[in-house]
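Below is one structure, written out as structure tokens, with a few remarks after it.
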Amino acid sequence: MVKRSLQLCFILMKTSNCEVVNILYAFELQNYIRKGYSMKKKWLLFSAIFTIATVLAGCENPLMVLDPKGPQAKTLSDTIIMSIIVMCGVLLVVYVLYTYMLVKYRASRMGEDYEPPHVHGSTKLEIIWTAIPIIIVAVLSVITVQSLSKVESKPAGYEDQEPLVIYAASSNWKWHFSYPEQGVETVNYVNMPIDRPVEFRLYSYGPITSFWIPQLAGQKYAMSAHVTKINMSADVPGSYMGRNSNFNGQGYAQMEFEAQAMTPADFDEWVNDVKTTAPKLTDADYDKLLETDFVGRKSYSSTHLEFNPPPEGRHHGVPNKGTPNTEEDADKTAPSSEHHTHPNETE
Amino acid sequence: MESHEQQFLILNEPMILAAMISIVVGGLSLVIGVTYFKKWGYLWREWITTVDHKKIGVMYILVALVMLFRGGVDALLMRGQTAMPENGLLDAQHYNEIFTTHGVIMILFMAMPFIIGLMNVVTPLQIGARDVAFPRLNSVSFWLFAVGAGLFNISFIIGGSPDAGWSAYFPLASLEFSPTVGNNYYAISLQIAGLGTLATGINFLVTILKMRAPGMTLMKMPMFTWSILITNVIIVFAFPVLTVALALMTMDRQFGTKFFTMQDGGMDMLWANLFWVWGHPEVYIVILPAFGIYSEIISTFARKNLFGYKSMVVSMVAISLLSFLVWAHHFYTMGQGVMVNSFFSITTMLIAVPTGVKIFNWLLTLHKGKITFTTPMLYSLAFIPIFTIGGVTGVMLAMASADYQYHNTMFLVAHFHYVLIPGTVFAVIAGFHFWFPKVFGFRLNEKLGKLAFWFITISFNVAFFPLFILGLNGMTRRMYTYSESTGYGPLNMLSFLGAVGLGIGFIILVYNLYWSIRYSPRDETGDPWDARSLEWATHGPVPFYNFARIPKINELDAFWYAKRNNKSLYDDRPIEKIHMPNNSGMPFLMSGAFFGAGFCLVFSWWIPTIIFTILIFVFMALRSFEKDHGYYVSVEEIERIERELGGEK
Chain A
1 MVKRSLQLCF ILMKTSNCEV VNILYAFELQ NYIRKGYSMK KKWLLFSAIF TIATVLAGCE
61 NPLMVLDPKG PQAKTLSDTI IMSIIVMCGV LLVVYVLYTY MLVKYRASRM GEDYEPPHVH
121 GSTKLEIIWT AIPIIIVAVL SVITVQSLSK VESKPAGYED QEPLVIYAAS SNWKWHFSYP
181 EQGVETVNYV NMPIDRPVEF RLYSYGPITS FWIPQLAGQK YAMSAHVTKI NMSADVPGSY
241 MGRNSNFNGQ GYAQMEFEAQ AMTPADFDEW VNDVKTTAPK LTDADYDKLL ETDFVGRKSY
301 SSTHLEFNPP PEGRHHGVPN KGTPNTEEDA DKTAPSSEHH THPNETE
Chain B
1 MESHEQQFLI LNEPMILAAM ISIVVGGLSL VIGVTYFKKW GYLWREWITT VDHKKIGVMY
61 ILVALVMLFR GGVDALLMRG QTAMPENGLL DAQHYNEIFT THGVIMILFM AMPFIIGLMN
121 VVTPLQIGAR DVAFPRLNSV SFWLFAVGAG LFNISFIIGG SPDAGWSAYF PLASLEFSPT
181 VGNNYYAISL QIAGLGTLAT GINFLVTILK MRAPGMTLMK MPMFTWSILI TNVIIVFAFP
241 VLTVALALMT MDRQFGTKFF TMQDGGMDML WANLFWVWGH PEVYIVILPA FGIYSEIIST
301 FARKNLFGYK SMVVSMVAIS LLSFLVWAHH FYTMGQGVMV NSFFSITTML IAVPTGVKIF
361 NWLLTLHKGK ITFTTPMLYS LAFIPIFTIG GVTGVMLAMA SADYQYHNTM FLVAHFHYVL
421 IPGTVFAVIA GFHFWFPKVF GFRLNEKLGK LAFWFITISF NVAFFPLFIL GLNGMTRRMY
481 TYSESTGYGP LNMLSFLGAV GLGIGFIILV YNLYWSIRYS PRDETGDPWD ARSLEWATHG
541 PVPFYNFARI PKINELDAFW YAKRNNKSLY DDRPIEKIHM PNNSGMPFLM SGAFFGAGFC
601 LVFSWWIPTI IFTILIFVFM ALRSFEKDHG YYVSVEEIER IERELGGEK
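Protein chains in written order, with the numbering used here: chain A, 1 to 347; chain B, 1 to 649.
What follows is the structure, encoded as structure tokens:
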């Protein structure tokens with residue numbers, strides 16, 4: 001048994017392809033099922049599962065969340081790995097105690113006339129296993145608060161740089177990206193320069209969506225009446241998967257976009273390219289675009305921010321104009337920032 | 001408001017059509033069968049009008065098992081659809097409806113009624129009572145729940161199921177984005193079932209506080225009763241929030257109000273907050289009784305009293321308080337900022353402390369025990385290691401920063417299944433096996449029971465562990481399909497195989513029920529497990545009056561020590577006549593009116609809705625003028641029944 005597990009671990013370390021590991025693992029598992037189960041084997045199985053989980057993190061094809069390409073995602077990945085290690089420690093304690101009890105005190109080993117004693121409890125033990133978890137929770141709380149404030153502010157190392165602001169708005173099953181600084185707009189893809197902080201300002205034309213580029217930063221909701229923000233920056237040029245992770249109806253599964261991080265020179269070239277070749281985005285075009293359920297990639301040499309402003313500043317609390325079926329309502333509503341306050345407002 | 005186009009009967013989906021035909025055929029054959037065997041009178045007298053807590057409990061569990069099957073088929077379809085990249089088993093709309101109904105049914109129409117069913121059967125017996133405090137209200141509770149479940153389930157053939165997720169977030173669930181009647185069904189069926197649950201909460205709170213056998217102080221109550229007491233406190237505090245939220249939802253969708261809409265000052269986030277202010281305590285409503293069940297079973301089969309009784313109670317009280325302070329951890333990503341998220345992170349992680357205390361107490365209960373591996377014990381023992389995985393991943397999710405990466409992913413899905421299945425589902429199955437002989441007078445077959453156990457436990461891990469990895473690899477939940485390039489295929493296939501294994505396990509479990517009804521040897525003792533608490537002191541099956549004489553209690557596990565020391569719990573008092581409540585058909589009929597009103601309200605048919613609503617009030621008025629003081633069972637009658645059951649207890 002032990003030999004088999006060792007073999008398995010060995011293969012795990014040698015292999016370069018995560019899928020192979022999984023298939024092997026499935027195979028191994030079926031073997032167990034066929035052979036029937038005993039408690040001991042189950043323990044080995046559990047430890048095998050955890051070895052796999054840990055090893056997977058170090059695969060050549062690592063899991064997306066644990067393969068960060070920017071400081072924010074790195075902070076989160078570190079936090080996650082640290083918490084997995086602490087939690088494995090907790091599991092180990094429970095599993096060792098559990099195995100000990102099950103092996104030692106099974107009726108078949110205790111003899112016919114063995115009568116278990118009446119044990120009331122033990123104040124000492126109970127204090128110990130209350131205090132230690134409290135300490136663990138306290139440590140984790142500190143880490144949580146630290147990492148939270150880290151990812152909620154400008155990426156470390158870029159504090160003095162002016163961030164590139166990109167508005168990301170979701171409508172039905174697509175994403176609109178507007179660059180106020182550059183005066184360009186895209187649909188379903190976003191380009192950004194590396195080594196510069198980027199501030200995404202999120203809102204939605206309709207149901208709540210969640211903007212997520214796992215390798216660059218954690219996700220945040222985009223909602224209809226106010227703007228939320230994500231800070232991130234990319235260290236390495238590359239194409240990263242981005243998607244809406246919050247269910248918003250029929251086309252949800254397809255609601256992906258490509259986030260491409262490029263060198264500042266490449267970025268400037270791309271902006272120039274769009275400015276010279278792409279069409280201007282007009283109010284009418286934009287309304288039509290909003291009504292379409294799915295579109296491919298699009299580029300425009302102007303943004304919708306002027307004629308269809310995001311719900312921030314004096315438009316805060318006002319649902320976006322152009323939301324399907326609500327154009328008249330939006331027109332009637334006078335922009336007033338005082339009346340609409342949100343409990344979840346940042347700041 | 002009613003202008004949206006929709007089909008009344010869903011006829012264009014082959015799968016739904018097949019389901020519809022099978023329901024009609026099944027229903028007809030049931031009606032014909034009952035008529036042929038002339039069982040209508042029996043059904044009406046013994047079940048439909050019953051106010052007996054044991055029979056009501058059995059009906060709850062029966063419905064829960066049917067719903068387990070329905071929700072399980074949903075699950076298999078979902079896993080089947082996602083087993084392969086770009087699979088065409090279901091389309092997006094169908095998939096969206098199925099994950100929505102899977103969630104609602106498993107939580108509200110499977111886990112809840114199963115728990116409430118066990119609570120009904122066991123609690124009055126454990127405290128030495130003859131019934132609950134308000135037997136007829138109990139019947140109302142059951143029928144309201146049954147009507148709610150029925151209303152929710154017909155949605156998929158009449159009008160279309162809800163498709164905005166079990167949490168029904170606004171604005172997605174608003175009339176604007178979900179124009180079909182699906183979410184009307186959601187709001188109204190949950191509302192009706194929720195009223196029943198709220199009544200249950202009050203009923204059991206009073207029962208436990210006022211009807212315990214003489215001498216049973218609070219700190220001498222069995223742990224299961226303690227867990228039920230705390231659960232019902234949570235129900236009484238949490239369910240009104242759901243009632244209000246659902247009422248606002250109905251107003252928004254059917255009367256044009258703007259509580260959660262995007263326009264005119266409505267606030268979509270308000271729904272999320274209200275939903276989870278109820279939704280998180282709801283999780284503890286289904287998990288605390290599970291803790292109670294495990295406590296009973298572990299101490300019974302370790303042949304030892306529960307370790308740290310006091311700290312068990314204190315930790316449950318702590319969990320119940322904390323459960324109301326953590327709701328925002330369901331939406332850390334809503335942009336609340338560092339302060340708010342930190343607060344909710346810490347309160348959430350704190351729940352791990354009392355839960356950990358309980359885990360260690362169970363482990364120490366095993367210490368120096370004499371462990372026998374019966375089927376209920378196997379489930380209880382499997383619970384500890386698997387639930388601990390669910391617990392530690394819960395702590396990981398509680399860390400708000402890291403949650404930005406777990407939120408809405410398969411990691412989250414894996415986590416809550418790792419909590420709810422070994423927590424609640426294993427517990428109700430364990431309780432089902434454990435208390436089955438008490439209600440029916442024979443045990444379920446152990447061999448088949450253990451076979452089902454191994455299937456369920458192993459398949460569960462195969463089905464859900466891969467989801468942790470998928471989540472960390474960026475796979476979000478509720479996606480009906482994904483492309484092959486994502487590389488999610490193999491692990492999803494593995495998970496599907498696990499789901500099939502789980503299905504097989506549950507089929508074995510049901511087969512065991514059939515087998516045992518036919519062949520299992522009958523138990524004569526009323527105490528087949530040599531157990532500890534009061535419910536085992538009376539006959540099995542339990543006579544309708546529960547105890548011929550009410551036992552007197554002077555310590556925890558009094559029945560156990562009475563057995564050990566050959567003492568009597570009754571001080572040789574003579575049998576006296578027993579006061580019992582009368583059956584009533586009113587709860588059933590009134591719930592029928594609720595069904596009519598609910599169904600018509602779903603489709604905005606105002607006149608019939610009003611008529612049915614008036615009918616509900618008529619039934620209430622009739623009840624308030626009714627004089628029903630119950631009846632007495634004579635001493636001779638009791639003695640006769642006791643003799644038939646094999647001697648006085």
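Ideal Cβ positions, reconstructed from N, Cα and C, are used throughout, including at glycine.
- Contact between E152 of chain A and G337 of chain B holds: CB atoms are separated by about 7 Å, below the 8 Å threshold.
- The continuous alpha helix (DSSP H) containing N153 of chain B extends over residues 135–154.
- With respect to chain A, the C-beta atom of L397 of chain B has no partner C-beta closer than 7 Å.
- If you check each beta-carbon in the segment 379–395 of chain B against every beta-carbon of chain A, the ones closer than 8 Å belong to L381, I384, P385, T388, I389, V392, T393, V395.
- Within chain A, no C-beta atom comes nearer than 8 Å to that of G182 of chain B; the closest sits roughly 12 Å away.
- Of all residues in the segment 215–231 of chain A, only G218, Q219, K220, Y221, M223, S224, A225, T228 place a beta-carbon less than 7 Å from a beta-carbon of chain B.
- Looking from the CA of A400 of chain B, the closest CA among B:G526, B:L90, B:F69, B:A328 belongs to B:A328.
- With respect to the 7 Å criterion, H415 of chain B and L444 of chain B are not classified as neighbours on the basis of their beta carbons.
- DSSP, reduced to helix, strand and coil, places H280 of chain B within a helical segment of the structure shown.
- Contact of N246 of chain A with chain B is assigned, a C-beta pair being separated by under 7 Å.
- The beta-carbon of M377 of chain B is placed no less than 7 Å from the nearest beta-carbon of chain A.
- I136 of chain A is classed as buried because its beta carbon has at least 16 other beta carbons within 10 Å across all chains shown.
- Along the segment 139–154 of chain A, the positions whose C-beta sits under 8 Å from a C-beta of chain B are L140, S141, I143, T144, V145, S147, L148, S149, K150, V151, E152, read in chain order.
- In the structure shown, W175 of chain A adopts extended strand secondary structure according to DSSP, grouped into three states.
- Linking K38 of chain B to E46 of chain B through their CA atoms gives a straight-line distance of about 14 Å.
- For H118 of chain A, the C-beta contacts it makes with chain B under 7 Å involve N305, in order along the chain.
- Taking 7 Å as the cut-off, the beta carbon of I638 of chain B is found no closer than this to the beta carbon of I553 of chain B.
- Rounded to whole angstroms, the gap between the alpha carbons of Y105 of chain A and P490 of chain B is 41 Å.
- In the structure shown, I297 of chain B falls within a helical segment according to DSSP collapsed to helix, strand and coil.
- Between the alpha carbons of Q219 of chain A and S170 of chain A lies a gap of roughly 14 Å.
- Along the segment 79–93 of chain B, the positions whose C-beta sits under 8 Å from a C-beta of chain A are A92, Q93, read in chain order.
- Here A531 of chain B is buried: its Cβ has 16 or more other Cβ atoms, across all protein chains shown, within 10 Å.
- Judged by beta-carbon spacing, P116 of chain A lies within the 7 Å limit of K368 of chain B, meaning their Cβ atoms are closer than that value.
- With contacts defined by Cβ atoms closer than 7 Å, N341 of chain B and G308 of chain B do not form a contacting pair.
- Of all residues in the segment 170–193 of chain A, none comes within less than 7 Å of chain B when Cβ atoms are compared.
- About 24 Å separates the CB atoms of Q405 of chain B and P133 of chain A; that is not less than 8 Å, and the two are not in contact.
- Following the DSSP letters along the chain, one finds I578 of chain B inside the beta strand (DSSP E) bounded by residues 578–580.
- At a beta-carbon threshold of 8 Å, none of the residues of chain A lie near H629 of chain B; the nearest stands roughly 45 Å away.
- For W212 of chain A, the pairing in a beta bridge is given by DSSP as A:R243.
- DSSP, reduced to helix, strand and coil, places I166 of chain A within a strand of the structure shown.
- Look at Y42 of chain B: its C-beta is not under 7 Å from any C-beta on chain A.
- Per the Cβ contact rule, the segment 237–247 of chain A is in contact with the segment 256–274 of chain A (3 or more Cβ pairs under 8 Å).
- DSSP lists no bridge partner for S301 of chain A.
- Straight across, the Cα-Cα distance linking R477 of chain B with S320 of chain B is about 29 Å.
- Neighbours of V137 of chain A in chain B, taken as residues whose beta carbon is under 7 Å from its own, are M349, L350, A352, V353 in chain order.
- Judged by their CB atoms, W278 of chain B and F260 of chain B are not nearer to each other than the 7 Å cut-off.
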